[in-house]
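Worksheet for the structure shown next.
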């Protein structure tokens, strides 16, 4: 036994609220909130995490905590699925990443880097562990449906699928839709062919390379056997692979393209083989754990569409959970420009429909004011649509950052809270978390739990019955 192993053993015991180095019992907030039968995962360092853990503890049975809990390591010494999945995430996923990325994922093993969440790092995404807990607190059960109307990189759908919950992901960006399809599609997959794919990484790269450097609108990628001149024909390029696997390879290639743009002296071809190994290692690790735990995954539907005009029936979902884009702080389209260009997307046309990116002004202040007005107009339309498709008595949770530096002092969270009351979906409660990583733009993030009244119903015409 090495010198560090006894310390690790004591640390693990202390997490259960048992003994310290001195042999004395710990006494603290966690020990007051939870019985010794419930051990929290390591790396809990913020108050909001205890808030969410306590919410899970109140909402779930012991068996449900084991199968679907986010902040617990074990219940009655039985490891939770979340703990098992996170511990099986291979170090290889970030082996050749920059040190800052390695440090971030090492400090957030249970929060962000497990399953397929760590593939293609996406700015502004919310923490998967947090989203898992939020769905538990919302009371969404396996077999029910959760909607993410602004899905981004698919965090909600990935977590829902792992929990056995069905999901609908709606997103305007074709690249974000591709990313979500790829990440959820490979959560249930035969990985036996992965060694061969790694071996022929350079050949795979060459299938994508002819389309590199696009700067004008081109036909989009296609999966079917139909031919379309100029299109990225995944079905013909990889006829023996499943559609999700084809899209995962494309996502990996696009990751290499974006990564090369940020690293001097490296080309996508230099980076692709290592990225492919990391992608496949993550997918293989999750699928191996999924089989060991005999997990029953949920189903995910990905829709390329507008959250302001959802093509969903009235009262058809059991919960809504999303985070509006932090467009005041992050220009997602500029961030994704290489990938969108490769896919043949007209970026400026897409920009006109993005929440938080529309509005004009002669001065910076006028531009900010115009964008804020458009933002709240868009969010009102989105919240009304969320209310329409939500079943009575269920939650719509919006995760929003407080970024008054970019909004001219306007509080987005307070504006949304007021709006929820005005449209008849009042705030039930909220949880605040301190944001780490982008403190130059936002300091706090708010989890706003709006609830549709039990007594409200919607008629066939889609109007609320008064």
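Numbering (this note's numbering), first residue to last: 823 to 1288. For each residue, glycine too, the CB sits at the ideal point set by N, CA and C. Nothing here was measured: the structure is a model prediction, and the numbers come from that model.
Assign residue 1022 to one of two classes, buried (16 or more other C-beta atoms within 10 Å of its C-beta) or exposed (fewer than that). exposed
Practice problem: With a 10 Å radius around its C-beta and 16 neighbouring C-beta atoms as the bar for buried, classify residue 1106 as buried or exposed. | Solution: buried
TODO: Look at the Cβ atom of residue 1217, then the Cβ atom of residue 1268, and state whether they are nearer than 7 Å.
DONE: no
When burial is assigned at 16 or more other CB atoms within 10 Å of the CB, is residue 1131 buried or exposed?
exposed
Quiz prompt | Straight-line Cα distance separating residue 882 from residue 944 | solution = 31 Å
Is it buried or exposed, residue 1175, if we count other Cβ atoms within 10 angstroms and call 16 or more buried? exposed
With a CB to CB cut of under 7 Å and the five nearest residues on each side skipped, what residues in its chain are close to residue 1111?
906, 907 and 910
Contacting residues, own chain, Cβ-Cβ under 6 Å from residue 1189 (five flanking each side not counted):
1183
* Asked: How about residue 964 and residue 987: are their beta carbons less than 7 Å apart?
  -> yes
Please report the residue range of the beta strand (DSSP E) in which residue 1124 lies. 1122-1126
Next on the checklist: So, with DSSP's three-state summary, where would you put residue 1084?
Outcome noted: helix
In the DSSP assignment, the alpha helix (DSSP H) including residue 904 goes from what residue to what residue? 903-909
query: Which residues bound the beta strand (DSSP E) around residue 1168?
result: Neither: residue 1168 is in no beta strand (DSSP E) and is coded neither H nor E.
Q. How is residue 1193 classed by DSSP in three states: helix, strand or coil?
A. helix
Look at the alpha carbon of residue 852 and the alpha carbon of residue 878, and state the distance between them as a whole number of angstroms. 14 Å
- Query: Using 8 Å as the Cβ pair cut-off and three pairs as the minimum, do the stretch 1157-1166 and the stretch 1062-1081 touch?
  - Reply: yes
DSSP state of residue 1247, grouped into three classes? coil
Based on DSSP bridge pairs, tell me the residues matched to residue 988. 967
Complete runs of the beta strand (DSSP E) confined to the stretch 1194-1228 [at least 3 residues]:
1217-1224
request  = Under the assumption that residue 968 contacts residue 955 (Cβ atoms under 8 Å), give the Cβ distance between them as a whole number of angstroms.
outcome  = Contact flag wrong, Cβ pair sits at about 13 Å.
Tell me the rounded alpha-carbon separation between residue 1146 and residue 1157.
16 Å
Buried or exposed: residue 929, going by 16 or more other Cβ atoms within 10 Å of its Cβ?
-> exposed
Given this structure, state the Cα-to-Cα distance separating residue 1139 from residue 1213, to the nearest angstrom.
6 Å
Review point. Going along the chain, which residues of its own chain have a beta-carbon closer than 8 Å to the beta-carbon of residue 966, five neighbours each way excluded?
Key: 987, 988, 1140 and 1141
Q.
residue 972 and residue 1082 - do their beta-carbons sit closer together than 7 Å?
A. no
Quiz item: DSSP state of residue 1276, grouped into three classes?
Solution: coil
I'd like the list of long-range same chain contacts for residue 962, defined as Cβ closer than 7 Å, with 5 residues on each side in sequence excluded.
968, 987, 1140 and 1141
>> To the nearest angstrom, how far is the alpha carbon of residue 1080 from that of residue 1091?
In response: 12 Å
Notebook entry, point to check: Is DSSP giving residue 1115 helix, strand or coil here?
Noted result: helix
Practice prompt. Find the nearest neighbour of residue 1250 within the set 891, 959, 1192 and 951, judged by alpha-carbon distance.
Written response: 959
Under 7 Å between the Cβ atoms of residue 1120 and residue 992?
no
Quick check on the burial criterion: 16 or more other C-beta atoms within 10 angstroms. Buried or exposed for residue 1277?
exposed
I'd like the span of the beta strand (DSSP E) that includes residue 894, first residue to last. 894-897
How far does the beta strand (DSSP E) with residue 1141 in it reach, from first residue to last? 1141-1144
Query raised in the report: The alpha helix (DSSP H) with residue 998 in it runs from where to where?
Result: 996-1007
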